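Novice:
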Amino acid sequence: MDHIEIDNIVFFVESYYPYFFILLGLYYLFRGFLIKRLFKFPFWYLFLGSDIGGNKSPYYFDKKGICGAPDAVFFDILTLSFVIGEYKSRNYNNGVTWRERFQVTLYTGLVPPWFFPRSKGYIAYGCGTVKRISFERKYYKGLLSLKKEVIEAKKIWQPLNNLPLYKRD
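Using the working numbering, you'd call the opening residue of the sequence shown number 53 and step up by one each time.
This is the structure in structure tokens:
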């Protein structure tokens, strides 16, 4: 009698494995649905973390002593790349500011590339406009080179160089 019950239990558990994995897959596909909708991303982007809305699970990146936490981080399972999302509550008025572009470029560069293509960066505005920000290595290297300058400027509470990064060589 005990042997039959054990077989029934094993059969019961094995028969529900596919359903469990289907439910688990659906959970990860639809997790962060409202944030995906905010950035107008497709459902196959896996939500990794965010600090906008009710979410308080930011995803941090650290490289060469520089740390960053984008507003939203996703993983595109089709291209096997990270997707960085930055939300701005202002309305889109004919252009992305240099500050916003540098912010997304820095976050995009901080993402470890693994064996996959470079991550993608997007900015979503309060009016519903979403813009893709292309990664520019020149600006990323310029931002990384500012680390020493920022440390020195914090000591004297003044900028060492007032020239904006996009105007520097």
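Cβ coordinates follow ideal geometry from the N, Cα and C atoms, glycine included. In this text the structure is predicted, and so the values were computed from the model without any measurement.
Return the residue from the list 207, 216, 196, 174 that minimises the CA-CA distance to residue 125.
Specialist: If we check each option's Cα against that of residue 125, 174 comes out closest.
Novice: Pull up the distance between the alpha-carbon of residue 82 and that of residue 213, whole angstroms please.
Specialist: Taking the straight line from one Cα to the other gives about 46 Å.
Novice: Can you tell which of 97, 193, 196, 184 has its C-alpha closest to the C-alpha of residue 128?
Specialist: Residue 97 is the option with its Cα nearest to residue 128.
Novice: Residues in the same chain with beta-carbon distance under 7 Å from residue 156, minus the five sequence neighbours each way, listed in chain order, please.
Specialist: Correct list, in chain order: 136, 138, 173, 175, 185.
Novice: Going by other Cβ atoms of all chains shown within 10 Å of its Cβ, with 16 needed for buried, is residue 114 buried or exposed?
Specialist: Flag for residue 114 reads exposed.
Novice: Just to confirm my understanding: we take residue 220, look at its own chain, exclude 5 residues before and 5 after, and list those with CB closer than 7 Å. What are they?
Specialist: Excluding positions up to five away in sequence, the list reads 194.
Novice: Threshold first: 4 residues or longer. Then list the alpha helix (DSSP H) segments lying entirely within the segment 59–113, N to C.
Specialist: Runs of the alpha helix (DSSP H) inside the segment 59–113: 85–91.
Novice: With distances taken from CA atoms, which of 200, 147, 70 is nearest residue 116?
Specialist: For the residues 200, 147, 70, the minimum Cα distance to residue 116 belongs to 200.
Novice: Alpha carbon to alpha carbon, what distance is there between residue 142 and residue 177?
Specialist: Taking the straight line from one Cα to the other gives about 6 Å.
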